[in-house]
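Student:
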Ligand code: UT7
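Numbering (the numbering used here), first residue to last: -3 to 351.
(1) Expressed to the nearest angstrom, what Euclidean distance is found between the alpha-carbon atoms of residue 130 and residue 318?
(2) Taking the Cβ atom as the reference point for each residue, do residue 384 and residue 76 lie within a distance shorter than 8 Å?
(3) Can you tell me the Cβ-Cβ gap for residue 267 and residue 183, rounded? I've got them flagged as a contact below 8 Å.
(4) For the alpha helix (DSSP H) that residue 304 lies in, which residues bound it at each end?
(5) Helix, strand or coil for residue 172 per DSSP?
(6) Based on DSSP bridge pairs, tell me the residues matched to residue 334.
(7) I think residue 104 touches residue 140, with their Cβ atoms under 8 Å apart; what is that distance to the nearest whole Å?
(8) Tell me the DSSP secondary structure of residue 231 in three-state form.
(9) Given residue 51, which residues of its chain have a CB within under 7 Å of its CB, disregarding the five upstream and five downstream residues?
(10) Which same chain residues end up closer than 8 Å to residue 175 when comparing Cβ atoms and leaving out the 5 residues on each side of it in sequence?
(11) In chain order, what residues of the same chain have a beta carbon less than 6 Å from the beta carbon of residue 118, not counting five sequence neighbours either side?
(12) Based on DSSP bridge pairs, tell me the residues matched to residue 40.
(13) Could you give the DSSP three-state label for residue 293: helix, strand or coil?
(14) Looking at residue 193 and the ligand UT7, is the gap between the Cβ and the nearest heavy atom below 7 Å?
(15) Since residue 116 is in the alpha helix (DSSP H), which residue starts that stretch and which ends it?
(16) From which residue to which residue does the alpha helix (DSSP H) around residue 34 run?
(17) What residue range does the alpha helix (DSSP H) around residue 98 cover?
Rendered as structure tokens:
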């Protein structure tokens, strides 16, 4: 059974820089509040009518494919993680296949809906496919366009200031030598608090048959003979189609689960936290990263953060950060790289890579 390796990596962020001060024109917030609570200074948003989720993903993918030294036709499977797809269905995997001009290869394309942990879940799946010998060049993508789905009024400020657009991609291949291999991946979830960080509307939940919700979501006015509509006028009017987050609860769980899942991966490989050369945490909040860094006793050189520039790009945050760290020479051959994420679901996971 061959291990897998990351053979090529790329990222793309839109040119459009949106600073904290720009958001303060639309809602009651300030550069000071956002920086102090999250570390974010600016984020990127797609250019209107020019870019969408798949286009960002294609731009990142082309770089990853070139750096892997293969042609796009060599890709034999696509795994695409996003929470902000272009369409409700079909998923972005097939759209990326078309955007890259490889529809005729008729390869499989899989969409992953694991939000902030989406890239780690995707990488883990790619790793298993490579180990089983089923595929040889898997394109793994995390891509998000949050800017189209945020509430830019004061009502939504607790969520909207955090998220940004961007994409990252890797090509996963069988490993050939001692170095450059994915050592292990760990995946977890606990659905008890699924609604603590979620967009539940539009959706087919039907208000969960709760009288209060049936009224809140406007199902009475929108009644139809069979089932309930997945979107109502009231949902749109009352701003119920935006993401909801109970920030403090998410924060508390994140700072617990990040170290846990990192230690789990290290112990699995007989390694210790001191062995980590570079930790790339999902970029949720600089304070979460700092907390994890402190808990593990890592130095500033052992943790890479770029949330200051891009905000939280959910499934894209880890591949973007991994690529930037690598391009900056902060990850060298033989280094032990640890990826870790926590987010909506709740889902969380880690990956240990010998670079
Ligand atoms: O990537 C997925 C996983 N997501 C996360 O890990 C996010 C985890 N949570 C967080 O990062 C933080 O909870 C937030 C950054 C979202 C919020 O920070 P916080 O320190 O937990 O603030 P808070 O929600 O407790 O709000 C504190 C105050 C409130 O005002 P009052 O009630 O104290 O008067 C909010 O209304 O700050 C207010 N507030 C804002 N003020 C200015 C909330 N958002 C803003 C804002 N600007 N953008």
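The C-beta atom is built at its ideal place from N, Cα and C for all residues, glycine as well.
Tutor: Based on what the coordinates show:
(1) 26 Å
(2) Here the chain covers residues -3 to 351 and nothing more, so residue 384 does not appear.
(3) No, residue 267 and residue 183 are not in contact; Cβ-Cβ is about 19 Å, not under 8 Å.
(4) Residue 304: member of the alpha helix (DSSP H) spanning 303 to 306, first to last residue.
(5) coil
(6) 275, 348
(7) The Cβ separation is near 22 Å, so there is no contact.
(8) helix
(9) Counting only Cβ-Cβ distances below 7 Å, and skipping sequence neighbours, we find 95.
(10) Cβ within range, chain order: 329, 330, 350, 351.
(11) 75, 77, 108, 136
(12) 13
(13) coil
(14) yes
(15) 114 to 128
(16) 27 to 34
(17) Premise fails: residue 98 is in no alpha helix (DSSP H) and is neither H nor E.
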